[in-house]
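A short write-up of the structure that comes next.
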Amino acid sequence: MISKKLLLTIVFGTLIIASASLYIIADSDLYYYGKNNLPIYNKLPFEMKPEYWGYRRGMLNFVILDKNDFVHIGRGVGYWEYPEITIDSVISYGYNDTLLIAIVKDSCKQKYCLRQYDTLSEELIPLQYCNIEKLKHDYNLKWIENPNNPPYLIMSKRFRSAFIFYISLILFIVYFSKYLKEKHKEKNKNIH
95 MISKKLLLTI VFGTLIIASA SLYIIADSDL YYYGKNNLPI YNKLPFEMKP EYWGYRRGML
155 NFVILDKNDF VHIGRGVGYW EYPEITIDSV ISYGYNDTLL IAIVKDSCKQ KYCLRQYDTL
215 SEELIPLQYC NIEKLKHDYN LKWIENPNNP PYLIMSKRFR SAFIFYISLI LFIVYFSKYL
275 KEKHKEKNKN IH
């Protein structure tokens, strides 16, 4: 017959595994908003990565960094091919393995579609001349809406799973140590 302490140890061990898995899934989803905690994701093309600078640095804004950690798409960025345009914010973006598309707003509040085909060439066109829905469909883009505000559900899922993980870990340690002490007492009792 299985003891109560062993059963509780198994239950809390299972909760640890389940909550850790949920945490990793939620953190992976938050990667696209630049608000992940685990540095284990690399899903954007051209070795780019999203960051939320209010989260890790002093400026509140979503940016996309290049492989050298320079801001490639974000507030204050200009492109030499388009000297009159300075990006103010990223509204949304999408990507696949070979293409990154972002809807950006410039300092004059005009919206543009920025296409990044490879690490060397960008195309910036006014949004009214860009059919985003067609691009999403034609290139099978994973699309991230409003990267400055990640969905509350994902943030709360990560928080709850971390909370359950830590509570389960503490209870697992408590009950597992009690189980081991019980086994040790039984073993000593059987020896004498």
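Per my numbering, the sequence shown starts with residue 95, numbered consecutively.
For every residue, glycine included, the Cβ atom is placed at its ideal position computed from N, Cα and C.
This structure is a prediction, so every number in the text was calculated from the model and none was measured.
Mark residue i as exposed unless 16 or more other C-beta atoms lie within 10 angstroms of its C-beta, in which case mark it buried.
i, result
"Q339", "Residue 339 cannot be examined here, being either before or after the span of the chain that is shown, 95 to 286."
"E145", "buried"
"C207", "buried"
"K279", "exposed"
"I195", "buried"
"Q210", "buried"
"S201", "exposed"
"I264", "exposed"
"S271", "exposed"
"S97", "exposed"
"G170", "exposed"
"N130", "buried"
"Y215", "In the sequence as presented, Tyr is not what sits at residue 215; that position holds Ser. Its Cβ having fewer than 16 others within 10 Å, S215 is exposed."
What are the boundary residues of the beta strand (DSSP E) that residue i is part of?
i, result
"T180", "176-189"
"P290", "The shown model of the chain, from 95 to 286, leaves out residue 290, and the question about it has no answer."
"K236", "236-239"
Is the beta carbon of residue i less than 9 Å from the beta carbon of residue j?
i, j, result
"F259", "L102", "no"
"F156", "Y269", "no"
"K251", "A114", "no"
"L124", "P244", "yes"
"M142", "L159", "yes"
"Y189", "L154", "no"
"S186", "P241", "yes"
"I179", "G168", "no"
"Y135", "L193", "no"
"V165", "D182", "no"
"L218", "Y246", "no"
"Y127", "I238", "yes"
"E276", "K99", "yes"
"L132", "I111", "no"
Just grab the DSSP bridge partners of residue i for me.
i, result
"I167", "I158"
"Y127", "Its beta-bridge partners do not exist; DSSP assigns none."
For the alpha helix (DSSP H) containing residue i, name the first residue and the last one.
i, result
"K137", "Element bounds for K137: n/a, residue is neither H nor E."
"Y269", "246-285"
"I104", "98-124"
Is any non-hydrogen atom of the ligand GTP found closer than 8 Å to the C-beta of residue i, if you look at the structure I gave you?
i, result
"L159", "The ligand GTP is absent from the structure shown, which contains no ligand whatsoever."
Identify every run of the alpha helix (DSSP H) within the stretch 195-234, keeping only runs that are complete inside it and at least 4 residues long; order them along the chain. 226-233
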